[in-house]
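Trainee: In the numbering used here, the protein residues as written are 21 to 300.
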């Protein structure tokens with residue numbers, strides 16, 4: 021919201037009483053400002069609330085400090101967006117990584133995912149999910165080109181009311197947001213999904229592209245669920261045909277400044293350094 025304030029006076033005349041304010045305000049004031057309910061936090065702390073971090077620096081280890089165990093299915097390391105070998109996750113549709121929650125992955129009213137992604141085609145495919153891989157029950161989230169008949173980027177979240185012995189139906193609590201964004205094959209993007217009390221927001225390269233509001237208040241989190249890189253549950257549709265990099269999972273909402281940093285550090289055309297090597 022923008023407000024403009026202005027006032028002038030005529031120095032050759034004695035102002036009447038009702039112009040007293042004009043006499044006091046000797047200079048013209050033009051003020052442009054954005055009004056926030058709460059001022060955005062300018063602090064950038066990318067380790068705060070970090071549950072999982074996969075930078076793929078020659079391995080598939082969790083570098084968040086939580087040391088969640090990771091197991092690869094197939095050969096998963098490949099060249100990243102900058103041409104570094106063994107520095108990104110790659111799959112032709114069958115490779116994946118299972119991340120077992122060692123108890124450190126905990127969230128309730130909020131979570132956030134940030135990752136770099138590149139797809140080779142526009143078919144349905146999952147980039148990242150959290151679900152029981154054996155049954156498909158109790159999904160916390162999924163993100164990718166997950167719609168069966170549309171090529172749009174989509175994300176879904178499970179609500180705590182779902183329970184851990186059910187699939188995730190699409191309703192006002194367990195929501196799916198089809199963003200209408202179609203990734204260009206062969207192009208790298210930064211994707212960020214933020215969940216907060218039933219609402220999903222999706223950002224591409226730092227720009228909010230879609231918001232979906234649901235009636236839920238707390239995210240699903242089940243003991244048997246694993247974070248799956250490059251796929252949905254074992255009986256689900258095809259996995260990713262493409263690449264992922266710098267995968268982060270948080271237990272909180274990211275600030276606008278953090279979103280800007282995460283997205284700008286993955287703009288391949290404007291950054292000659294591999295994102296994982298940056299100091300912020």
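From the three backbone atoms N, C-alpha and C, an ideal C-beta is built for every residue, glycine too.
Note that the structure is predicted; figures quoted are calculated from it, not measured.
Please report the straight-line C-alpha distance between residue 218 and residue 114, rounded to a whole angstrom.
Mentor: Near 32 Å, if we compare the C-alpha coordinates of residue 114 and residue 218.
Trainee: Note down the Cα distance separating residue 141 from residue 271, rounded to an integer number of angstroms.
Mentor: Looking at the two C-alpha atoms, the distance is approximately 31 Å.
Trainee: CA-CA distance, residue 178 and residue 149?
Mentor: Roughly 11 Å between the two C-alpha positions.
Trainee: For the beta strand (DSSP E) containing residue 216, name the first residue and the last one.
Mentor: Per DSSP, residue 216 belongs to the beta strand (DSSP E) from 209-216.
Trainee: With a CB to CB cut of under 8 Å and the five nearest residues on each side skipped, what residues in its chain are close to residue 72?
Mentor: Cβ neighbours of residue 72 beyond the five flanking positions: 82, 84, 86, 88, 119, 125, 247, 267, 268, 269.
Trainee: Does residue 280 come out as helix, strand or coil in the three-state DSSP assignment?
Mentor: In the structure shown, residue 280 sits in a helix (DSSP, three-state: H, G or I).
Trainee: Going by beta carbon distance, what residues of the same chain come within less than 6 Å of residue 236, once the five residues before and after it are set aside?
Mentor: Contacts found: 179, 193, 218.
Trainee: Less than 8 Å between the C-beta atoms of residue 197 and residue 160, yes or no?
Mentor: Against a cut-off of 8 Å, the Cβ pair of residue 160 and residue 197 comes out as no contact.
Trainee: Mind checking residue 100: buried by the 16 CB within 10 Å criterion, or exposed?
Mentor: The residue in question, residue 100, is buried, as its Cβ has 16 or more Cβ neighbours within 10 Å.
Trainee: Can you tell me the Cα-Cα spacing of residue 170 and residue 202, whole angstroms?
Mentor: Each residue's alpha carbon lies about 9 Å from the other.
Trainee: Just to confirm my understanding: we take residue 91, look at its own chain, exclude 5 residues before and 5 after, and list those with CB closer than 6 Å. What are they?
Mentor: Hits under 6 Å: 118.
Trainee: Are there 16 or more other CB atoms within 10 angstroms of the CB of residue 228, so buried, or fewer, so exposed?
Mentor: By the neighbour-count rule (16 or more Cβ atoms within 10 Å), residue 228 is not buried but exposed.
Trainee: Residue 263 to residue 121, Cα distance in whole Å?
Mentor: Distance between the alpha carbons of residue 263 and residue 121 is about 23 Å.
Trainee: Compute the beta-carbon to beta-carbon distance between residue 151 and residue 253, rounded to the nearest angstrom, for a pair I have assumed lies under 8 Å.
Mentor: With a Cβ gap of about 5 Å, residue 151 and residue 253 count as contacting.
Trainee: Using the Cα positions of residue 105 and residue 131, report the straight-line distance between them to the nearest angstrom.
Mentor: Roughly 31 Å separates the two Cα atoms.
Trainee: Who are residue 152's beta bridge partners in DSSP?
Mentor: None, per the DSSP bridge assignment.
Trainee: Using 10 angstroms around the beta-carbon of residue 232, count the other beta-carbons present and answer buried if the total reaches 16, otherwise exposed.
Mentor: Result: buried.
Trainee: Please state the DSSP three-state secondary structure of residue 70.
Mentor: Strand, per DSSP.
Trainee: Specify the secondary structure class of residue 166 as computed by DSSP and reduced to three states.
Mentor: If DSSP states are grouped into helix, strand and coil, residue 166 belongs with coil.
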